[in-house]
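Chemist:
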Amino acid sequence: MKTYKITYLLGKLDTSKCPPDIVPVIFPNYDGSQLVTMSESEITVTFATAQTPVNLGALVKVTEVTEEVTE
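127 is the number of the first residue of the sequence shown in this note's numbering; add one for each residue after it.
Dropping the structure here:
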């Protein structure tokens, strides 16, 4: 599983609709079956396989979330 975090660097997300309309714009393979969580400043999307996000410029940052393994 690969999880990505979408962060708005300026402004707030509209949290009235989950997932927001920007998710399929950033991830063209998004089909609604992926897990999405969100707040006013970020969205996380989990896919079964690695994805290549569309670059929307400096105000929308997409990073891969890595899980820390603790023993």
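The C-beta atom is built at its ideal place from N, Cα and C for all residues, glycine as well. From a predicted model like this one, the values you see are computed outputs, not experimental measurements.
(1) Against chain D, does T189 count as a neighbour if the rule is that its beta carbon must be under 9 Å from one of theirs?
(2) Using alpha carbons as the reference points, say which of E166, V151, Q160 lies closest to L182.
(3) Closest to P146 by C-alpha separation, out of I169, A174, K128, would be which residue?
(4) Quick one: using the 10 Å Cβ neighbour count with 16 as the cut-off for buried, is V171 buried or exposed?
(5) What separation, rounded to the nearest whole angstrom, lies between the Cα atoms of F173 and I148?
Modeler: To lay it out plainly:
(1) No chain D is part of this structure, which consists of one protein chain only.
(2) Nearest C-alpha to L182: V151.
(3) Among I169, A174, K128, the Cα nearest to that of P146 belongs to I169.
(4) So V171 counts as buried.
(5) One C-alpha to the other measures close to 16 Å.
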